[in-house]
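Residue numbers (our numbering): 3 to 317.
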């Protein structure tokens with residue numbers, strides 16, 4: 003799809019992109035990330051940064067960048083967590099056509115934003131749309147580990163139980179932004195998981211299978227991708243044990259989603275939501291959900307875990 007629309011970039015009317023960067027103790031990598039943004043081939047970019055209460059030199063580094071006119075630094079405050087910090091950035095930076103989330107540790111390819119704008123601009127006007135892409139997972143020294151991408155189709159049934167939209171690859175058009183900031187959730191798993199849920203139900207999600215950024219994994223990541231099969235298995239075991247301890251779950255996120263958007267959910271997605279809700283209150287409902295293809299995770303093993311969690315009513 004990108005190749006088809008690549009020749010449109012020179013004819014495209016100016017579309018502004020707000021880059022939304024949240025930082026927290028990111029002194030080691032944040033300047034490298036910013037430099038990769040400064041080198042973007044797409045010219046109509048503004049960078050908005052909010053520091054989430056760093057205790058290292060991150061804020062001083064950002065103030066220096068702002069003094070050179072390179073970024074706009076939003077007032078920093080208490081540590082409110084990554085999701086709330088990104089939602090603050092999304093709410094406080096308006097006036098653009100597109101809004102791109104950005105992590106402090108990564109490295110963007112020069113055409114990252116250009117690819118997103120071309121794909122988003124090809125969508126019919128008036129449709130709230132979210133773009134996300136595959137990412138290259140790298141270690142702290144920028145050594146390649148793997149490509150992270152969905153293995154099966156994306157959609158609302160997937161977003162109910164899994165997030166595949168890595169936040170640092172996500173770009174929203176202005177209609178998608180308006181839909182999300184109209185009422186922000188009191189709690190969610192993460193900002194990217196919430197956006198994937200909202201947009202797969204009420205808008206459109208477009209996926210780019212070309213990894214146009216390097217997603218850096220290191221010991222200080224707030225969240226990140228598993229770097230090996232063993233790491234992935236350990237995370238799955240932890241997720242299962244956390245569910246039994248009452249930690250915020252996907253089903254909790256869906257409950258909040260219904261409170262905010264319940265009156266505008268399309269009929270076809272109401273059926274999926276109904277199936278999902280009935281499972282929480284009856285064993286027969288859980289059997290229906292367990293046997294239904296309407297809700298799925300990307301990997302077969304994860305799907306088996308999901309079915310077990312549904313059966314035990316702890317999803």
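Backbone N, C-alpha and C define an ideal beta-carbon position, used for all residues, glycine too.
Hey, how far is the Cα of residue i from the Cα of residue j?
| i | j | result |
| --- | --- | --- |
| residue 273 | residue 181 | 22 Å |
| residue 194 | residue 138 | 17 Å |
| residue 298 | residue 84 | 27 Å |
| residue 71 | residue 49 | 10 Å |
| residue 65 | residue 25 | 13 Å |
| residue 151 | residue 188 | 29 Å |
| residue 102 | residue 75 | 16 Å |
| residue 98 | residue 315 | 43 Å |
| residue 56 | residue 141 | 23 Å |
| residue 144 | residue 177 | 35 Å |
| residue 285 | residue 300 | 25 Å |
| residue 162 | residue 17 | 32 Å |
| residue 264 | residue 156 | 21 Å |
| residue 110 | residue 39 | 7 Å |
| residue 244 | residue 311 | Confidence at residue 244 is low in this model, with a pLDDT of 49, below 50, so the placement of that residue should be treated as unreliable; the coordinate-derived value is given next. Taking the straight line from one Cα to the other gives about 12 Å. |
| residue 291 | residue 34 | 46 Å |
| residue 170 | residue 287 | 36 Å |
| residue 308 | residue 62 | 45 Å |
| residue 118 | residue 289 | 40 Å |
Just curious, the beta strand (DSSP E) that residue i is in, first and last residue?
| i | result |
| --- | --- |
| residue 100 | 100 to 104 |
| residue 76 | Careful: residue 76 lies outside any beta strand (DSSP E) and carries neither H nor E. |
| residue 209 | 206 to 210 |
Could you spell out the range, first to last residue, of the alpha helix (DSSP H) harbouring residue i?
| i | result |
| --- | --- |
| residue 65 | 60 to 69 |
| residue 272 | 269 to 283 |
| residue 253 | 252 to 263 |
| residue 94 | 84 to 94 |
| residue 29 | From DSSP, residue 29 is part of no alpha helix (DSSP H); its letter is neither H nor E. |
| residue 307 | 302 to 313 |
Determine the burial state of residue i: buried for a count of at least 16 other Cβ atoms within 10 Å of its Cβ, exposed for fewer.
| i | result |
| --- | --- |
| residue 19 | buried |
| residue 130 | buried |
| residue 44 | buried |
| residue 120 | buried |
| residue 115 | buried |
| residue 252 | buried |
| residue 22 | buried |
| residue 54 | buried |
| residue 179 | buried |
| residue 164 | buried |
| residue 293 | exposed |
| residue 216 | buried |
| residue 27 | buried |
| residue 52 | buried |
Based on DSSP bridge pairs, tell me the residues matched to residue i.
| i | result |
| --- | --- |
| residue 148 | 139 |
| residue 47 | 19 |
| residue 24 | 52 |
| residue 215 | 110 |
Using a Cβ-Cβ distance under 9 Å, would residue i count as near chain B?
| i | result |
| --- | --- |
| residue 73 | Considering every chain present, this structure includes no chain B. It has just one protein chain. |
Uninterrupted beta strand (DSSP E) stretches inside the stretch 105 to 136 (no shorter than 3 residues): List check, beta strand (DSSP E) in window: 131 to 135.
Entirely enclosed beta strand (DSSP E) segments - the stretch 162 to 193, minimum 3 residues: Listed in chain order, the beta strand (DSSP E) elements of length 3 or more contained wholly in the stretch 162 to 193 are 173 to 175.
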